[in-house]
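*Asks:*
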Amino acid sequence: MMGWTETVRTAVAALNARRMRSALTMLGILIGIAAVMLTVGLGQGASASITNQINSLGSNLIIVSPSMSTSSGGFRGGGSVVSTLTTQDAAMLADRDVAPDIAAVAPVSQVSGSLQSSETTWTSTVVGTVPEWTTVRARTVDNGRFFSQSEVDAAARVAVLGSTTASELFPTGQAVGQTISINGQSFVVIGVLTSEGSSGSTNNDDTVLVPLTTFASRLSTSSSANSVSSIYLSGTDADSLSAAYQQVKTALLASHQVTPDNADFTVSTQAALVETATSITGILTALLGGIAAISLLVGGIGVMNIMLVSVSERVREIGLRKALGATPGVIRRQFLVEAGILGVLGGLVGVALGVAGAAILSPVIGITVAVSVPATLLALAVSLGIGLVAGVYPASRAAKLAPIDALRSE
Amino acid sequence: MSVVIHQLKMTGVRKTYSTGVVKVEALRGIDLEVDQGEYLAIMGPSGSGKSTLMHIIGCLDVPTEGTYELDGTDVSRMSEKELAEIRNRKIGFVFQQFNLLASLSALRNVELPLVYAGVPAHDRRERAEAALEKVGLAKRMQHRPGELSGGQQQRVSVARALVTDPAVLLADEPTGALDSHSTGEILELFEDLNDTGRTIVVITHEPDVGARARRLVHIHDGLLREPVPVAASGATR
Numbered sequence: 001m002m003g004w005t006e007t008v009r010t011a012v013a014a015l016n017a018r019r020m021r022s023a024l025t026m027l028g029i030l031i032g033i034a035a036v037m038l039t040v041g042l043g044q045g046a047s048a049s050i051t052n053q054i055n056s057l058g059s060n061l062i063i064v065s066p067s068m069s070t071s072s073g074g075f076r077g078g079g080s081v082v083s084t085l086t087t088q089d090a091a092m093l094a095d096r097d098v099a100p101d102i103a104a105v106a107p108v109s110q111v112s113g114s115l116q117s118s119e120t121t122w123t124s125t126v127v128g129t130v131p132e133w134t135t136v137r138a139r140t141v142d143n144g145r146f147f148s149q150s151e152v153d154a155a156a157r158v159a160v161l162g163s164t165t166a167s168e169l170f171p172t173g174q175a176v177g178q179t180i181s182i183n184g185q186s187f188v189v190i191g192v193l194t195s196e197g198s199s200g201s202t203n204n205d206d207t208v209l210v211p212l213t214t215f216a217s218r219l220s221t222s223s224s225a226n227s228v229s230s231i232y233l234s235g236t237d238a239d240s241l242s243a244a245y246q247q248v249k250t251a252l253l254a255s256h257q258v259t260p261d262n263a264d265f266t267v268s269t270q271a272a273l274v275e276t277a278t279s280i281t282g283i284l285t286a287l288l289g290g291i292a293a294i295s296l297l298v299g300g301i302g303v304m305n306i307m308l309v310s311v312s313e314r315v316r317e318i319g320l321r322k323a324l325g326a327t328p329g330v331i332r333r334q335f336l337v338e339a340g341i342l343g344v345l346g347g348l349v350g351v352a353l354g355v356a357g358a359a360i361l362s363p364v365i366g367i368t369v370a371v372s373v374p375a376t377l378l379a380l381a382v383s384l385g386i387g388l389v390a391g392v393y394p395a396s397r398a399a400k401l402a403p404i405d406a407l408r409s410e
Numbered sequence: 001m002s003v004v005i006h007q008l009k010m011t012g013v014r015k016t017y018s019t020g021v022v023k024v025e026a027l028r029g030i031d032l033e034v035d036q037g038e039y040l041a042i043m044g045p046s047g048s049g050k051s052t053l054m055h056i057i058g059c060l061d062v063p064t065e066g067t068y069e070l071d072g073t074d075v076s077r078m079s080e081k082e083l084a085e086i087r088n089r090k091i092g093f094v095f096q097q098f099n100l101l102a103s104l105s106a107l108r109n110v111e112l113p114l115v116y117a118g119v120p121a122h123d124r125r126e127r128a129e130a131a132l133e134k135v136g137l138a139k140r141m142q143h144r145p146g147e148l149s150g151g152q153q154q155r156v157s158v159a160r161a162l163v164t165d166p167a168v169l170l171a172d173e174p175t176g177a178l179d180s181h182s183t184g185e186i187l188e189l190f191e192d193l194n195d196t197g198r199t200i201v202v203i204t205h206e207p208d209v210g211a212r213a214r215r216l217v218h219i220h221d222g223l224l225r226e227p228v229p230v231a232a233s234g235a236t237r
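Chains as they are written, first to last, in the numbering used here: chain A, 1 to 410; chain B, 1 to 237.
Shown next as structure tokens:
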């Protein structure tokens with residue numbers, strides 16, 4: 001019986017004799033594998049990025065947003081519409097008796113602001129909040145300090161800048177101590193936040209924080225002075241987060257005098273946000289991956305096609321090999337190995353292309369395209385499988401050729 | 001003299017092809033015995049059934065009726081796989097069109113039957129080299145078929161036929177594609193091989209080639225006719 005080394009050697013020689021065709025055949029598999037790797041990697045990367053973004057909001061986070069479904073619902077960050085949430089809501093939730101598992105409450109209002117320093121101008125998101133914001137969002141001040149409760153009470157004109165905003169406004173010098181103008185109002189910079197790094201399209205370092213009271217009186221475009229865009233809360237710990245969630249919901253339902261069915265707000269936890277985001281990216285990944293998988297299937301059909309052509313071209317060779325003692329099994333194995341090699345080589349180059357593509361694409365789109373080892377191994381196994389499956393029919397045709405018919409053909 | 005070993009023994013071999021509704025009887029009852037060390041030529045015009053007979057002798061096909069024993073083994077009812085193994089071990093083919101693989105060197109071409117026999121690489125190479133030396137191509141081992149003359153290519157295929165040390169060397173119109181000079185060379189090679197005891201069966205339609213064999217049979221309309229006596233075996237030399 002013919003050994004494996006000889007079978008592989010013969011197959012490689014046969015593929016090598018028709019180099020151009022072999023390369024083109026592999027192209028189908030190659031593109032398919034690279035496409036699957038990139039789409040799945042992109043999906044995983046996007047999912048990881050969004051999850052990371054949500055996690056970077058802070059730990060044990062609960063977010064209360066005005067509900068979109070009610071007529072009075074405001075838009076987060078819009079400010080022009082009266083939000084259903086108010087500073088009173090925030091004050092109530094901060095009460096230990098109302099919500100014992102809530103550690104900190106930070107009502108937030110925001111507006112887009114045009115900023116001006118002595119050096120330059122910049123546009124950023126201006127957020128009005130309270131000192132607890134640092135706790136809830138798990139942020140620290142790198143330079144200077146955050147504003148205090150007394151500054152909130154006094155509606156002081158002080159501002160804390162994100163690191164990006166600071167470096168944009170003061171490219172050459174120190175931001176702390178400088179005066180900036182926000183939508184025409186002057187503020188003194190008292191601190192710069194520690195950089196968090198950007199995740200995906202959102203830059204958490206490009207922001208300006210001012211006391212909520214100052215925001216309401218000087219920057220808010222809302223007609224209601226005590227309305228807020230949203231309320232961020234942090235639970236005392238992860239275990240009591242669902243209890244905290246319930247306390248917040250119950251308290252707000254009672255104070256807004258609404259039922260869960262016509263609630264004018266939504267309460268979501270970080271975990272719920274992550275889950276939603278993950279399921280959305282999961283669906284997208286499956287969709288794109290499915291399309292890419294179809295291209296892989298087409299590549300497999302290409303292999304089958306070429307193997308069939310190869311069999312009918314080599315009828316005489318097959319006849320000779322049979323005359324010299326190749327059994328049908330040996331012939332079948334030879335063609336299967338040829339198809340398998342086409343698949344694996346296509347897969348290998350496809351994986352290389354996928355890895356290279358991921359490396360090139362990641363910085364361009366700002367999302368890390370994840371290339372995992374198990375996924376890569378799976379891709380290789382799949383390409384081998386496709387090659388073999390595509391080879392079964394051509395190989396059995398070759399094996400079934402009667403030696404005398406095969407020898408007779410010219 | 002008590003037990004004659006027939007290298008090849010056919011009894012009542014018939015082969016019928018049915019092409020659609022028409023039945024064609026290519027062989028209509030062949031009895032043939034070839035002893036070890038014989039050099040037999042089977043002659044016949046095209047359509048006489050000589051190709052069919054060649055296929056059956058070469059175990060490329062099986063008879064519809066009758067029995068065929070090759071080297072003491074009945075091969076007339078064997079499966080495709082068994083026939084392949086028998087061909088590999090017992091038959092050395094020499095074809096009219098040489099049938100060498102163009103992408104392989106002479107040496108690799110000669111090694112091919114040993115590859116299918118599962119002979120280890122080192123032995124294979126030694127035996128293929130020896131076979132090529134025997135046919136006088138020691139200096140052309142690494143040449144590809146395209147770089148060799150027709151006569152040289154046919155000698156490569158003779159080497160390939162010999163390399164497994166088969167029971168029968170079966171040549172199908174071995175000189176059909178050769179000029180007269182190369183024809184002479186190949187026929188001389190056959191005679192030399194026969195002198196060393198090799199059993200040779202040549203299928204041909206050329207009287208000159210048939211006359212060089214030590215025994216000659218004619219096939220006509222699927223039946224053998226042996227011109228008796230075969231005293232000509234020595235006289236033609």
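Just so you know, even glycine gets a beta-carbon here, dropped at the ideal spot from N, CA and C.
Computed from a predicted structure; not experimentally measured.
Between leucine 187 of chain B and arginine 212 of chain B, what straight-line distance do the alpha-carbon atoms span, to the nearest angstrom?
*Replies:* Taking the first residue of the second sequence as 1, we reach residue 187 of chain B at position 187. Taking the first residue of the second sequence as 1, we reach residue 212 of chain B at position 212. Cα to Cα, the separation comes out at about 8 Å.
*Asks:* Counting along the chain, where does the beta strand (DSSP E) carrying glycine 144 of chain A start and finish?
*Replies:* As a first step, residue 144 of chain A must be located in the first sequence, where it is residue number 144. Element bounds for glycine 144 of chain A: 141-144.
*Asks:* To test your reading of the DSSP string, which unbroken alpha helix (DSSP H) runs of 4 or more residues are found completely within the region 136-218 of chain B?
*Replies:* Counting only runs of 4 or more residues that sit fully inside the region 136-218 of chain B, the alpha helix (DSSP H) segments are 150-162, 180-195, 207-212, in chain order.
*Asks:* Given that leucine 320 of chain A touches chain B, what residues does it touch there, using C-beta distances under 9 Å?
*Replies:* Position 320 of the first sequence, counting from 1, holds the residue named residue 320 of chain A. Taking a Cβ-Cβ threshold of 9 Å, the residues of chain B close to leucine 320 of chain A are Phe93, Phe95, Asn99, Leu100, Leu101, Leu112, in chain order.
*Asks:* Using a Cβ-Cβ cut-off of 8 Å, state whether glutamate 317 of chain A counts as contacting chain B.
*Replies:* As a first step, residue 317 of chain A is located in the first sequence; it is residue number 317 there, counting from the start. Chain B, which has a Cβ nearer than 8 Å to the Cβ of glutamate 317 of chain A, makes this yes.
*Asks:* Taking the Cβ atom as the reference point for each residue, do leucine 169 of chain A and threonine 120 of chain A lie within a distance shorter than 8 Å?
*Replies:* Here residue 169 of chain A refers to the residue found at position 169 when the first sequence is read from its first residue. Here residue 120 of chain A refers to the residue found at position 120 when the first sequence is read from its first residue. In contact: leucine 169 of chain A and threonine 120 of chain A (Cβ atoms closer than 8 Å).
*Asks:* Whose C-beta lies closer than 7 Å to the C-beta of alanine 323 of chain A among residues of the same chain, with five residues either side of it excluded?
*Replies:* Within the first sequence, the letter at position 323 stands for residue 323 of chain A. Closer than 7 Å at Cβ, skipping near neighbours: Pro403, Leu407.
*Asks:* What residue range does the beta strand (DSSP E) around glycine 128 of chain A cover?
*Replies:* On the first sequence, position 128 is the one that residue 128 of chain A refers to. That run of the beta strand (DSSP E) goes 121-129.
*Asks:* At least one CB of chain A closer than 8 Å to the CB of alanine 84 of chain B: is that the case?
*Replies:* Working through the second sequence from its first residue, we reach residue 84 of chain B at position 84. It does: the Cβ of alanine 84 of chain B has a partner Cβ on chain A nearer than 8 Å.
*Asks:* In chain order, which alpha helix (DSSP H) runs of at least 4 residues are fully inside the region 272-346 of chain A?
*Replies:* 315-323
*Asks:* Who are the Cβ neighbours of alanine 103 of chain A in its own chain at under 6 Å, not counting the five residues just before and after it?
*Replies:* In the first sequence, the residue the question calls residue 103 of chain A occupies position 103. Only Ser234, Thr236 meet the Cβ criterion.
*Asks:* Would you call the region 293-308 of chain A and the region 376-387 of chain A touching, i.e. three or more CB-CB distances under 8 Å?
*Replies:* yes
*Asks:* Taking 8 Å as the threshold (beta carbon to beta carbon), is alanine 326 of chain A in contact with chain B?
*Replies:* Taking the first residue of the first sequence as position 1, residue 326 of chain A is located at position 326. Alanine 326 of chain A counts as touching chain B.
*Asks:* Should arginine 144 of chain B be flagged as near chain A, meaning a C-beta pair shorter than 8 Å?
*Replies:* Here residue 144 of chain B corresponds to residue number 144 of the second sequence, with the count starting at 1. Not closer than 8 Å to any Cβ of chain A, the Cβ of arginine 144 of chain B fails to qualify, so no.
*Asks:* My output table needs one value for glycine 357 of chain A: the three-state DSSP class, helix, strand or coil.
*Replies:* Translated into positions along the first sequence, residue 357 of chain A becomes position 357. Helix, per DSSP.
*Asks:* Alpha carbon to alpha carbon, how far is glycine 329 of chain A from glutamate 338 of chain A?
*Replies:* Here residue 329 of chain A refers to the residue found at position 329 when the first sequence is read from its first residue. Here residue 338 of chain A refers to the residue found at position 338 when the first sequence is read from its first residue. Approximately 14 Å between the Cα atoms of the pair.
*Asks:* Answer yes or no: do threonine 194 of chain A and arginine 139 of chain A have a C-beta to C-beta separation smaller than 8 Å?
*Replies:* Position 194 of the first sequence, counted from the first residue, corresponds to residue 194 of chain A. Position 139 of the first sequence, counted from the first residue, corresponds to residue 139 of chain A. Cβ distance < 8 Å, so threonine 194 of chain A and arginine 139 of chain A count as in contact.
*Asks:* Enumerate in chain order the residues of its own chain whose CB-to-CB distance from proline 132 of chain A is below 7 Å, with the five nearest sequence positions on each side excluded.
*Replies:* Sequence index remark: in the first sequence, residue 132 of chain A carries index 132 (1-based). Here the sequence assigns glutamate to residue 132 of chain A, which means proline is not the residue at that position. Excluding sequence neighbours, glutamate 132 of chain A sits near Ala104, Val105, Ala106.
*Asks:* Measure the CB-CB distance between glycine 222 of chain B and alanine 102 of chain B and report whether it falls below 8 Å.
*Replies:* Counted from its first residue, the second sequence places residue 222 of chain B at position 222. Counted from its first residue, the second sequence places residue 102 of chain B at position 102. No. Outside cutoff.
*Asks:* Return the chain-ordered list of same chain residues with a C-beta closer than 6 Å to the C-beta of tyrosine 39 of chain B, the five sequence neighbours on each side being excluded.
*Replies:* Against the second sequence, residue 39 of chain B aligns to sequence position 39. Answer for tyrosine 39 of chain B: Asn194, Ile200, Ala213, Arg214, listed in chain order.
*Asks:* How many whole angstroms separate the CB atoms of leucine 24 of chain A and glycine 346 of chain A, which I take to be in contact at a CB cut-off of 8 Å?
*Replies:* Translated into the one-based positions of the first sequence, residue 24 of chain A becomes position 24. Translated into the one-based positions of the first sequence, residue 346 of chain A becomes position 346. Taking 8 Å as the upper bound for CB-CB distance, leucine 24 of chain A and glycine 346 of chain A are not in contact here, some 10 Å apart.
*Asks:* Can you tell me the Cα-Cα spacing of leucine 161 of chain A and proline 66 of chain A, whole angstroms?
*Replies:* Along the first sequence, read from residue 1 onward, the residue named residue 161 of chain A stands at position 161. Along the first sequence, read from residue 1 onward, the residue named residue 66 of chain A stands at position 66. Rounded to whole angstroms, leucine 161 of chain A to proline 66 of chain A spans 26 Å at the Cα level.
*Asks:* At the 8 Å Cβ level, is lysine 134 of chain B part of the contact set with chain A, yes or no?
*Replies:* Residue 134 of chain B sits at position 134 when you count from the first residue of the second sequence. For lysine 134 of chain B, the answer is no, since every Cβ of chain A falls outside 8 Å of its Cβ.
*Asks:* Closer than 6 Å by C-beta to alanine 358 of chain A: which residues in its own chain qualify, once you throw out the five before and the five after it? Chain order, please.
*Replies:* On the first sequence, position 358 is the one that residue 358 of chain A refers to. So the list reads Gly41, Val369, Val371, once near-sequence residues are dropped.
*Asks:* Would you list the residues sitting across from lysine 23 of chain B in a DSSP beta bridge?
*Replies:* Residue mapping note: residue 23 of chain B aligns to position 23 of the second sequence, counting from 1. Paired residues: B:Ser18.
*Asks:* Sort B:Arg108, B:Thr175, B:Gly47, B:Leu148 by Cα distance to glutamine 97 of chain B and report the nearest one.
*Replies:* One-based indexing of the second sequence puts residue 97 of chain B at position 97. Residue B:Thr175 is the option with its Cα nearest to glutamine 97 of chain B.
*Asks:* Per the contact definition of three or more C-beta pairs closer than 8 Å, is the region 306-326 of chain A in contact with the region 101-117 of chain B?
*Replies:* yes
*Asks:* Mind checking isoleucine 291 of chain A: buried by the 16 CB within 10 Å criterion, or exposed?
*Replies:* Position 291 of the first sequence, counting from 1, holds the residue named residue 291 of chain A. Flag for isoleucine 291 of chain A reads exposed.
*Asks:* Put proline 63 of chain B into one of helix, strand or coil per three-state DSSP.
*Replies:* Here residue 63 of chain B refers to the residue found at position 63 of the second sequence. DSSP places proline 63 of chain B outside both helix and strand once states are collapsed to three, so it counts as coil.
*Asks:* Buried or exposed for alanine 225 of chain A, please, with buried defined as at least 16 other CB atoms from any protein chain shown within 10 angstroms of its CB.
*Replies:* To locate residue 225 of chain A, count along the first sequence from 1; it is residue 225. The residue is exposed, with fewer than 16 neighbouring Cβ atoms inside 10 Å.
*Asks:* Any chance the region 8-26 of chain B sits against the region 387-398 of chain A, with 3 or more Cβ pairs inside 8 Å?
*Replies:* no
*Asks:* Compare the C-alpha of valine 168 of chain B against each of B:Arg225, B:Pro145, B:Ile86, B:Tyr17 and name the closest.
*Replies:* By 1-based counting over the second sequence, the position of residue 168 of chain B is 168. Selected option, being the one with the closest Cα: B:Ile86.
*Asks:* List the residues of chain A that alanine 117 of chain B touches, going by C-beta distances under 8 Å, in chain order.
*Replies:* What you label residue 117 of chain B is simply residue 117 of the second sequence in a count that begins at 1. Residues of chain A passing the Cβ test: Gly325.
*Asks:* Taking DSSP as the reference, what is the three-state secondary structure of serine 186 of chain A?
*Replies:* For the purposes of this step, residue 186 of chain A is identified with residue 186 of the first sequence, where counting begins at 1. Of the three classes helix, strand and coil, the one that applies to serine 186 of chain A here is strand, per DSSP.
*Asks:* Run down chain B in chain order and give the residues with a C-beta less than 9 Å from the C-beta of valine 311 of chain A.
*Replies:* Stepping through the first sequence from its first residue, residue 311 of chain A is reached at position 311. Among the residues of chain B, none has a CB under 9 Å from the CB of valine 311 of chain A; the nearest is roughly 16 Å distant.
*Asks:* In chain B, what lies closer than 7 Å to valine 337 of chain A by C-beta?
*Replies:* Numbered from 1 along the first sequence, position 337 holds the residue referred to as residue 337 of chain A. Close partners of valine 337 of chain A in chain B (Cβ separation under 7 Å) are lacking, with about 14 Å as the shortest Cβ gap.
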